[in-house]
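First residue of the sequence shown? That's 0 in numbering that gives the first Met the number 0, and the numbers climb one at a time after it.
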Amino acid sequence: MRRARLGAFIAVVLLAAVTLEKAHAAQPLTKVVMTTGSFSEREAAMYVAQDQGIFRRYGLDLSFVHVRNGPVGMAALAGGDTHLHEGSVTGAVLGSAAEGTDLVFVAGLINKLIGNIMASPKIKAPADLKGKVIGVTSASGGSWMFTTLALEYWGLDAKRDGISFRILGDESVRSQALINDSIAATHVGYTFAAPLKSRGFTNLADLAQLPIPFQSTGVLTKRSFIKASPEVVEGVLRSVVDAMAFIAQPENKQAVLKSLAKGLRLAKLEQAIEGYESLPLLYDRRIYPTVDGIRNVIRLLGQTNDKIRRLKAEDLVDDRFVKKLEKEGRF
Numbered sequence: 000m001r002r003a004r005l006g007a008f009i010a011v012v013l014l015a016a017v018t019l020e021k022a023h024a025a026q027p028l029t030k031v032v033m034t035t036g037s038f039s040e041r042e043a044a045m046y047v048a049q050d051q052g053i054f055r056r057y058g059l060d061l062s063f064v065h066v067r068n069g070p071v072g073m074a075a076l077a078g079g080d081t082h083l084h085e086g087s088v089t090g091a092v093l094g095s096a097a098e099g100t101d102l103v104f105v106a107g108l109i110n111k112l113i114g115n116i117m118a119s120p121k122i123k124a125p126a127d128l129k130g131k132v133i134g135v136t137s138a139s140g141g142s143w144m145f146t147t148l149a150l151e152y153w154g155l156d157a158k159r160d161g162i163s164f165r166i167l168g169d170e171s172v173r174s175q176a177l178i179n180d181s182i183a184a185t186h187v188g189y190t191f192a193a194p195l196k197s198r199g200f201t202n203l204a205d206l207a208q209l210p211i212p213f214q215s216t217g218v219l220t221k222r223s224f225i226k227a228s229p230e231v232v233e234g235v236l237r238s239v240v241d242a243m244a245f246i247a248q249p250e251n252k253q254a255v256l257k258s259l260a261k262g263l264r265l266a267k268l269e270q271a272i273e274g275y276e277s278l279p280l281l282y283d284r285r286i287y288p289t290v291d292g293i294r295n296v297i298r299l300l301g302q303t304n305d306k307i308r309r310l311k312a313e314d315l316v317d318d319r320f321v322k323k324l325e326k327e328g329r330f
């Protein structure tokens with residue numbers, strides 16, 4: 000009798016567990032759209048989170064959409080067509096905030112300048128860029144910002160020194176323009192810099208080695224979206240932290256290389272190695288946005304824009320979710 004009762008009890012427990020599992024599985028995923036205007040190894044955490052099903056782990060069906068540039072991403076976010084944006088603090092970001100969009104950085108994945116300023120073999124030093132044309136993705140976008148801050152560090156000024164910027168597109172397009180001698184230099188990530196170095200192009204700087212405060216790759220959204228869907232924002236950041244932990248494990252190298260090659264549309268897996276090897280030096284596991292990095296760009300762009308000059312870096316940061324993750328010991 001006792002065995003029969005025990006068997007019946009176990010059967011009930013198992014039935015309840017199966018029912019609960021089915022109910023959980025039946026819950027629909029929340030659809031989320033996240034844009035980026037960048038196209039480099041910086042997006043590795045997003046690529047990995049998608050390919051490894053990490054977003055789905057937190058109930059999210061996230062579409063990570065590459066748009067032509069930052070201004071397109073900001074317009075979509077401001078208009079409510081998207082929910083989040085992954086990118087740097089740029090003229091588009093600060094301009095949108097200055098015009099009243101309630102933008103905030105909720106995380107900072109990379110909190111410094113990164114990548115290389117690659118130049119024609121004829122260019123031997125930063126001073127040789129005077130009077131030359133530099134390729135960028137967009138006016139006041141990420142590549143323009145990276146380059147302008149580097150020029151400032153070298154004591155160069157585009158207007159004074161006759162340096163002009165040509166808007167071309169993403170890193171693959173700008174790399175080809177450099178090879179074709181259509182431009183004298185451009186900023187590219189480590190993945191696209193590697194083949195240029197092998198062909199004898201000049202590496203003017205690894206920007207990660209320069210002491211320049213900057214919010215490079217961060218996660219942006221609107222305060223109104225945080226208020227309406229805090230669980231989505233938290234789920235995205237938990238996914239990012241998990242993806243970064245996955246990337247940090249050596250045994251996952253092949254999976255990460257596959258995600259990078261797929262995301263960057265590389266023909267061969269080995270073309271992603273340079274970018275993969277740079278990730279431990281780039282990603283900051285304590286994914287706090289950097290107020291100093293945002294303030295540095297407000298200083299730069301505020302010289303010619305009164306509205307941007309009046310922005311306060313502290314108002315463009317909301318680190319409540321990052322603080323929660325740190326208290327949990329997630330990093």
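Ideal Cβ positions, reconstructed from N, Cα and C, are used throughout, including at glycine.
Check                                                                                                                    : Outcome
Bridge partners - I272, DSSP secondary structure assignment                                                              : Paired residues: none, contrary to the question.
F320 classed as buried or exposed, judged by whether at least 16 other C-beta atoms fall within 10 angstroms             : buried
Per-residue burial, P279 [other beta carbons within 10 Å of its own, 16 or more giving buried]                           : exposed
Backbone secondary structure at S215 - three-state DSSP                                                                  : strand
Pairwise C-alpha distance: G114 and I286                                                                                 : 19 Å
Test item: CB-CB of E40 and G292 under 8 Å                                                                               : no
Touching by the beta-carbon criterion (3+ pairs, under 8 Å), the segment 228 to 238 and the segment 135 to 149           : no
DSSP beta-bridge partners of I116                                                                                        : H186, A204
D60 - partner residues in DSSP beta bridges                                                                              : K30
Spatial distance of E134 from K158 (CA atoms)                                                                            : The displayed chain sequence assigns Gly, not Glu, to residue 134. Those two C-alpha atoms are separated by around 16 Å.
Span of the beta strand (DSSP E), counted from its first residue to its last, around I133                                : 132 to 135
Nearest-angstrom Cα separation, counted from T220 out to P120                                                            : 41 Å
Outcome for D305 when other beta-carbon atoms lying within 10 angstroms are tallied against a minimum of 16              : exposed
Stretch-stretch touch, CB-based, cutoff 8 Å, three pairs: the segment 34 to 48 with the segment 56 to 66                 : yes
Cα-Cα separation, T201 to A193                                                                                           : 11 Å
Length of the line joining the Cα atoms of A260 and V47                                                                  : 11 Å
Close beta carbons around V132, own chain, < 6 Å, minus the five adjacent residues each side                             : S163, R165, I182, A183
Residue from L150, D318, E42, S137 with nearest C-alpha to D127                                                          : L150
CB of Q51 within 8 Å of CB of F245, strictly                                                                             : yes
Three CB pairs or more closer than 8 Å across the segment 100 to 119 and the segment 209 to 225                          : yes
Extent of the continuous alpha helix (DSSP H) run through I109                                                           : From DSSP, I109 is part of no alpha helix (DSSP H) but of the beta strand (DSSP E) over 102 to 111.
Bridge-paired residues (DSSP) for S163                                                                                   : V132
Cβ-Cβ distance between D317 and R222 below 8 Å                                                                           : yes
Beta bridge counterpart(s) of L83 as assigned by DSSP                                                                    : M33
L203 beta carbon less than 8 Å from that of Y152                                                                         : no
Selection from L315, R237, A247, V296 that minimises the alpha carbon distance to K326                                   : R237
Cα-Cα separation between D160 and K129, rounded to whole angstroms                                                       : 5 Å
Beta-bridge partners of K221, as assigned by DSSP                                                                        : L102
Cut-off 8 Å between Cβ atoms - residues of its own chain near D101, not counting five sequence neighbours on either side : K221, R222, S223
Nearest-angstrom Cα separation, counted from I225 out to K323                                                            : 15 Å
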